[in-house]
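Peer 1: From first to last, the protein sequence lines stand for chains S and B.
At position 245 of the first sequence (counting the first as 1) the number is 246 in this note's numbering, and the numbers step up by one without a gap.
At position 159 of the second sequence (counting the first as 1) the number is 673 in this note's numbering, and the numbers step up by one without a gap.
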Amino acid sequence: MTHTFVGMPPFPTAAREALADTQLRHNLVHATATIRGKRAGVVAEVENWEELRLAGAAVKDRALRGLDERLVQLEESLTARGAVVHWARDAAEANRVVVDVARRHGVDEVVKVKSMVTQEIGLNEALQAAGIAAWETDLAELIVQLGGDLPSHILVPAIHRNRAEIRDIFRRRMAEAGRPAPADLSDDPAALAAAARAHLREKFLRARMAVSGANFAVADTGTLVVVESEGNGRMCLTLPDVLVSVVGIEKVVPTWAELDPLLRLLPRSSTGERMNPYTSTWSGVTPGDGPQEVHVVLLDNGRTRALADDVGRQALRCIRCSACLNVCPVYERVGGHAYGSVYPGPIGAILNPLLKGTGDPQTDSLPYASSLCGACFEACPVRIDIPEVLVHLRSKVVDGHREDRVPKPEAIAMRSAAWTLSRGPRLGFAERLTGTGLGVARRFGAARWTSARDLPAAPRESFRAWWRRTDGRLDDSGG
Amino acid sequence: MRVALMVTCVNDAMFPGTGAAVVRLLRRLGVDVDFPQAQTCCAQPMVNTGYLDEAVPVVRTFVDAFEGYDAIVTPSGSCAGSVRHQHRLVAQRSGDAGLASAVATTSPRVHELSEFLVDVLGVTDVGAYFPHRVTYHPTCHSLRMLGVGDRPRRLLEAVRGLRLVDLPHAEECCGFGGTFAVKNADTSVAMGSDKARHVRDTGAEILVAGDNSCLMHVGGLLTRGRSGVRVMHLAEVLAATEDDPGGVR
Chain S
2 MTHTFVGMPP
12 FPTAAREALA
22 DTQLRHNLVH
32 ATATIRGKRA
42 GVVAEVENWE
52 ELRLAGAAVK
62 DRALRGLDER
72 LVQLEESLTA
82 RGAVVHWARD
92 AAEANRVVVD
102 VARRHGVDEV
112 VKVKSMVTQE
122 IGLNEALQAA
132 GIAAWETDLA
142 ELIVQLGGDL
152 PSHILVPAIH
162 RNRAEIRDIF
172 RRRMAEAGRP
182 APADLSDDPA
192 ALAAAARAHL
202 REKFLRARMA
212 VSGANFAVAD
222 TGTLVVVESE
232 GNGRMCLTLP
242 DVLVSVVGIE
252 KVVPTWAELD
262 PLLRLLPRSS
272 TGERMNPYTS
282 TWSGVTPGDG
292 PQEVHVVLLD
302 NGRTRALADD
312 VGRQALRCIR
322 CSACLNVCPV
332 YERVGGHAYG
342 SVYPGPIGAI
352 LNPLLKGTGD
362 PQTDSLPYAS
372 SLCGACFEAC
382 PVRIDIPEVL
392 VHLRSKVVDG
402 HREDRVPKPE
412 AIAMRSAAWT
422 LSRGPRLGFA
432 ERLTGTGLGV
442 ARRFGAARWT
452 SARDLPAAPR
462 ESFRAWWRRT
472 DGRLDDSGG
Chain B
515 MRVALMVTCV
525 NDAMFPGTGA
535 AVVRLLRRLG
545 VDVDFPQAQT
555 CCAQPMVNTG
565 YLDEAVPVVR
575 TFVDAFEGYD
585 AIVTPSGSCA
595 GSVRHQHRLV
605 AQRSGDAGLA
615 SAVATTSPRV
625 HELSEFLVDV
635 LGVTDVGAYF
645 PHRVTYHPTC
655 HSLRMLGVGD
665 RPRRLLEAVR
675 GLRLVDLPHA
685 EECCGFGGTF
695 AVKNADTSVA
705 MGSDKARHVR
715 DTGAEILVAG
725 DNSCLMHVGG
735 LLTRGRSGVR
745 VMHLAEVLAA
755 TEDDPGGVR
């Protein structure tokens, strides 16, 4: 029932398929427009939004600048409060820690509160391979898991599904995973939520171990923070005996007080709410209350690589709000699967290459999956200049091919363009061929332009030629 | 004030009428604009595709061509944005301190047309006459990279005879995006088709914008669909007068 993003085609190919899915297109337009509208409303009512953005960015930058020391401090605070801290360089190490804990307690199932990072490392697949079932408990994650599907949005992983599709998934699949959906289940949102609640309640009450991520990890107090909207997180974080949290090392916030701007920015940017419904914070073990064995896995998995990139490191400020997805005109049309990662949309287009490094055709296609319109930067609550990082990563992709024995046609074209554009007269000569060039393009090449769009007619003469002929005299305005 | 026209490579080769319109408009407003013939391109096509080394000689040509001018006017929000935001990065890549300092001098002197008219010349009524129903698309780079705000709108609202109608979802990208238009042609066309649909919904006769490359994309979709809507650069609308309507191509 689990799927992975492994083996996804490069973005343009995946996007072409997605664009042809009319149901997907319709669902996305509706869903993104709704969230966009809500976000715009609650952001507009904050008078000093720009100052708040700057404050949020500053907190994350401060944490990242001294990340080595903050992490050690976090480990000390967590340990002092009874948590067990594990360090994981990559996905395999992190998965091994979680599987080992589960085995030691002899559990054959865990409940999970949605976490991007466990998707990133393929934890569910690793648990499954060890004979341990991992149950997603967020409504949207449940829909994705039951549907044998992949998440397509950071906040709303099942954004590509409408309620009729969800009803169908629940009716066909819930029984295999536990309590079945009512036989007369309708596609009324309240009925769908009730079916999910009944199905999940059974799992919450039974599970002895939970797995979570964390939105923030506070270094000075050793506190993890999980922000969610459905109460399922609260269930996972308090009911089981054993809790394992997998936390990317960029989630560190230096001090408790510095959570303030971040907890104000996040709900308005993500769900379009003024305040988050369920904000759970816990520091290690509290005797007699909640999980009595608490593990924290601090995960690198490419984050130090991203941190070493002086332009790209700002991406580690990301608080996973998904505002950039909701305002992105590319995302709105192709959806999340085309990005081939749990991190889709504009942030995914920079985060994946930064975490994995460039060099693979799928990863290398991501920085180009943008028209550089800048809507993402404008919406980002921690001011990540996504277009700037996209262009920077494009140069990394190009630089990775500079030693190719056979250069790509694009590289040859860019080199000859650079030659032509380095001297005015060379360009003047080339422009005398504009008409011919357009004619040739219409007949033979440029199909990727002309298959849907007309090309303009070629002018009689270039501006340069007109100026030279008339010295810019207006009584002979060529063109 | 020595003022230079930075016509841009796309306008030079494909839309010379836009360059001529800027000259006509500025001369009417008393600005003796010059066209430095050594100019070529702002290097944005290279930079935005990731070819930074290839952009270096082009940026060098740019700063040489425009050296000594007090103001550089361009009928392209995107190219103005490229000069003001990217030339510094290209100079940095070259490791040439001389180029970096030349860029630091030249870049801030580049103004997109509406910025030059409103901020430098201090005019919003340029004395234009254009009796048509038009809608305006604020291109992404002029809107979000330069922050031209409502300057183009104010200029259009002051044009006699012109009826300006609101474009729904105006601030959404048209999908051109430079090489994006061919590298991700399907997505680009999907975005452009929605933009073209919104344009048609306005009932406007003409779609106006400050960037011919975006207009080439949306215009290409509008003519392919035989929509009966044409596209026109802001400069050509502002250049039109009762005596010299221009613009009709």
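No residue lacks a Cβ here, since even glycine has one placed at the ideal position from N, Cα and C.
As the structure is a prediction and not an experimental result, all values here were calculated from the model.
In the DSSP output, which residue or residues are listed as bridge partners for R647 (chain B)?
Peer 2: Here the question's residue 647 (chain B) lines up with position 133 in the second sequence. Paired residue(s): B:R677.
Peer 1: Count the other C-beta atoms from every protein chain shown that fall within 10 angstroms of the C-beta of R674 (chain B), then say buried if there are 16 or more, exposed otherwise.
Peer 2: Here residue 674 (chain B) refers to the residue found at position 160 when the second sequence is read from its first residue. With fewer than 16 Cβ atoms within 10 Å of its Cβ, R674 (chain B) is classed as exposed.
Peer 1: Going by the CB atoms, is the gap between D725 (chain B) and H655 (chain B) shorter than 9 angstroms?
Peer 2: Residue mapping note: residue 655 (chain B) aligns to position 141 of the second sequence, counting from 1. Residue mapping note: residue 725 (chain B) aligns to position 211 of the second sequence, counting from 1. Yes, they are a contact pair.
Peer 1: Provide the residue span of the alpha helix (DSSP H) that contains E229 (chain S), from first to last.
Peer 2: Within the first sequence, residue 229 (chain S) is the residue found at index 228, counting from 1. Counting along the chain, E229 (chain S) falls outside any alpha helix (DSSP H), though it belongs to the beta strand (DSSP E) covering 224-229.
Peer 1: With a 10 Å radius around its C-beta and 16 neighbouring C-beta atoms as the bar for buried, classify K409 (chain S) as buried or exposed.
Peer 2: For this step, residue 409 (chain S) is matched to residue 408 along the first sequence. By the neighbour-count rule (16 or more Cβ atoms within 10 Å), K409 (chain S) is not buried but exposed.
Peer 1: Going by the beta-carbon positions, is the gap between L317 (chain S) and L308 (chain S) smaller than 9 angstroms?
Peer 2: One-based indexing of the first sequence puts residue 317 (chain S) at position 316. One-based indexing of the first sequence puts residue 308 (chain S) at position 307. Against a cut-off of 9 angstroms, the Cβ pair of L308 (chain S) and L317 (chain S) comes out as a contact.
Peer 1: So what does DSSP say about H161 (chain S), is it helix, strand or coil?
Peer 2: For the purposes of this step, residue 161 (chain S) is taken as the residue at position 160 of the first sequence. In the structure shown, H161 (chain S) sits in coil (DSSP, three-state: anything other than H, G, I, E or B).
Peer 1: Given the structure, does P190 (chain S) come close to the ligand ZN, in the sense that its CB is under 8 angstroms from one of the ligand's heavy atoms?
Peer 2: The ligand ZN is absent from the structure shown, which contains no ligand whatsoever.
Peer 1: Looking only at DSSP bridge pairs, what is G249 (chain S) linked to?
Peer 2: Position 248 of the first sequence, counting from 1, holds the residue named residue 249 (chain S). Answer by DSSP bridge pairing, in chain order: S:L300.
Peer 1: Using 9 angstroms as the threshold, is the C-beta distance between S621 (chain B) and R598 (chain B) below it?
Peer 2: Working through the second sequence from its first residue, we reach residue 621 (chain B) at position 107. Working through the second sequence from its first residue, we reach residue 598 (chain B) at position 84. Cβ distance < 9 angstroms, so S621 (chain B) and R598 (chain B) count as in contact.
Peer 1: Let me know the secondary structure DSSP gives R321 (chain S) once reduced to three states.
Peer 2: If you number the first sequence from 1, residue 321 (chain S) lands on position 320. Coil, per DSSP.
Peer 1: Measuring only between beta-carbons, confirm whether V762 (chain B) sits less than 9 angstroms from chain S.
Peer 2: The sequence position of residue 762 (chain B) within the second sequence is 248, counting from 1. Annotation note: pLDDT 43 at V762 (chain B) (below 50); position unreliable, coordinate value reported separately. With 9 angstroms as the cut-off, V762 (chain B) does not count as an interface residue toward chain S.
Peer 1: Could you check what DSSP says for K115 (chain S) in three-state terms: helix, strand or coil?
Peer 2: Locating residue 115 (chain S) in the first sequence gives position 114, counting from the first residue. Three-state result, K115 (chain S): coil.
Peer 1: For G742 (chain B), go through chain S and note every residue whose CB falls closer than 9 angstroms to its CB, in chain order.
Peer 2: As a first step, residue 742 (chain B) is located in the second sequence; it is residue number 228 there, counting from the start. Here the premise fails: no neighbours, minimum Cβ distance about 14 angstroms.
Peer 1: Under a three-way DSSP split, which group does F690 (chain B) fall into?
Peer 2: The residue you call residue 690 (chain B) lines up with position 176 of the second sequence. Coil.
Peer 1: Using only alpha-carbon positions, find the residue among B:F690, B:V751, B:A642 that is nearest to T649 (chain B).
Peer 2: The sequence position of residue 649 (chain B) within the second sequence is 135, counting from 1. For the residues B:F690, B:V751, B:A642, the minimum Cα distance to T649 (chain B) belongs to B:V751.
Peer 1: How is T364 (chain S) classed by DSSP in three states: helix, strand or coil?
Peer 2: As a first step, residue 364 (chain S) must be located in the first sequence, where it is residue number 363. Helix at T364 (chain S).
Peer 1: Under the assumption that R516 (chain B) contacts D584 (chain B) (Cβ atoms under 8 angstroms), give the Cβ distance between them as a whole number of angstroms.
Peer 2: By one-based count along the second sequence, residue 516 (chain B) stands at place 2. By one-based count along the second sequence, residue 584 (chain B) stands at place 70. Contact flag correct, Cβ pair sits at about 5 angstroms.
Peer 1: Please classify Q553 (chain B) as buried or exposed, where buried requires at least 16 other C-beta atoms within 10 Å of its C-beta.
Peer 2: Indexing the second sequence from 1 puts residue 553 (chain B) at position 39. By the 10 Å Cβ count, Q553 (chain B) comes out buried.
Peer 1: Taking 9 angstroms as the cut-off, decide whether the C-beta atoms of L240 (chain S) and L206 (chain S) are in contact.
Peer 2: Here residue 240 (chain S) refers to the residue found at position 239 of the first sequence. Here residue 206 (chain S) refers to the residue found at position 205 of the first sequence. Contact: yes.
Peer 1: Determine, for S707 (chain B), whether the minimum Cβ-Cβ distance to residues of chain S falls below 9 angstroms.
Peer 2: Within the second sequence, numbered from 1, the residue matching residue 707 (chain B) stands at position 193. Chain S contact via Cβ: present.
Peer 1: Quick check on E77 (chain S): does DSSP put it in helix, strand or coil?
Peer 2: The sequence position of residue 77 (chain S) within the first sequence is 76, counting from 1. Looking at E77 (chain S) - three-state DSSP - the assignment turns out to be helix.
Peer 1: With DSSP collapsed to three states, give me the class of S621 (chain B).
Peer 2: Walking along the second sequence from the start, residue 621 (chain B) turns up at place 107. If DSSP states are grouped into helix, strand and coil, S621 (chain B) belongs with the helices.
Peer 1: Kindly confirm or deny that the region 600-612 of chain B and the region 734-742 of chain B touch, where touching means at least three C-beta pairs closer than 8 angstroms.
Peer 2: No, the region 600-612 of chain B does not touch the region 734-742 of chain B.
Peer 1: What residues match up with E137 (chain S) in a beta bridge as DSSP calls it?
Peer 2: Translated into positions along the first sequence, residue 137 (chain S) becomes position 136. According to DSSP, which records beta bridges pairwise, E137 (chain S) is partnered with S:K113.
Peer 1: At 4 residues or longer, and completely inside the region 174-242 of chain S: list those alpha helix (DSSP H) runs for me, N to C.
Peer 2: Complete alpha helix (DSSP H) runs here, min 4: 190-207, 233-239.
Peer 1: CB-CB under 6 angstroms to H161 (chain S), same chain, minus the five flanking residues each way: which ones, in chain order?
Peer 2: For this step, residue 161 (chain S) is matched to residue 160 along the first sequence. L25, N28, S153, G336.
Peer 1: Between T421 (chain S) and the rest of its own chain, which residues show a CB-CB distance below 7 angstroms, the 5 nearest in sequence each way excluded?
Peer 2: As a first step, residue 421 (chain S) must be located in the first sequence, where it is residue number 420. The answer, listed in chain order, is R427, L428, A431.
Peer 1: Between which two residues does the alpha helix (DSSP H) containing V713 (chain B) stretch?
Peer 2: In the second sequence, the residue the question calls residue 713 (chain B) occupies position 199. From DSSP, the alpha helix (DSSP H) with V713 (chain B) extends over 699-715.
Peer 1: Taking Cβ positions, are P774 (chain B) and N525 (chain B) nearer each other than 9 angstroms?
Peer 2: With chain B covering 515 to 763 only, the question about residue 774 (chain B) has no answer from this structure.
Peer 1: Give me, in chain order, the residues of the same chain whose beta-carbon lies closer than 7 angstroms to that of S284 (chain S); leave out the 5 immediate sequence neighbours on both sides.
Peer 2: Position 283 of the first sequence, counting from 1, holds the residue named residue 284 (chain S). Here the set comprises R82, T222, G223, T224.
Peer 1: Suppose you measure from the CA of L263 (chain S) to the CA of A45 (chain S); what does that come to, to the nearest Å?
Peer 2: Within the first sequence, the letter at position 262 stands for residue 263 (chain S). Within the first sequence, the letter at position 44 stands for residue 45 (chain S). So the alpha carbons of these two residues sit roughly 17 angstroms apart.
Peer 1: Output yes or no for whether 9 angstroms exceeds the beta carbon distance between I351 (chain S) and I387 (chain S).
Peer 2: Locating residue 351 (chain S) in the first sequence gives position 350, counting from the first residue. Locating residue 387 (chain S) in the first sequence gives position 386, counting from the first residue. Their beta carbons are under 9 angstroms apart, which means I351 (chain S) touches I387 (chain S) by this criterion.
Peer 1: By how many angstroms is the C-alpha of I348 (chain S) removed from the C-alpha of K392 (chain S)?
Peer 2: Translated into the one-based positions of the first sequence, residue 392 (chain S) becomes position 391. Translated into the one-based positions of the first sequence, residue 348 (chain S) becomes position 347. Per the sequence shown, residue 392 (chain S) should be read as Val rather than Lys. For V392 (chain S) and I348 (chain S), the distance between alpha carbons rounds to 13 angstroms.
Peer 1: Along the chain, where does the alpha helix (DSSP H) containing L266 (chain S) start, and where does it finish?
Peer 2: Taking the first sequence and counting its residues from 1, the one referred to as residue 266 (chain S) is at position 265. 260-271 is the extent of the alpha helix (DSSP H) around L266 (chain S).
Peer 1: For chain B, find out if any of its Cβ atoms is closer than 9 angstroms to the Cβ of M117 (chain S); answer yes or no.
Peer 2: Stepping through the first sequence from its first residue, residue 117 (chain S) is reached at position 116. False, the Cβ-Cβ gap to chain B never drops below 9 angstroms.
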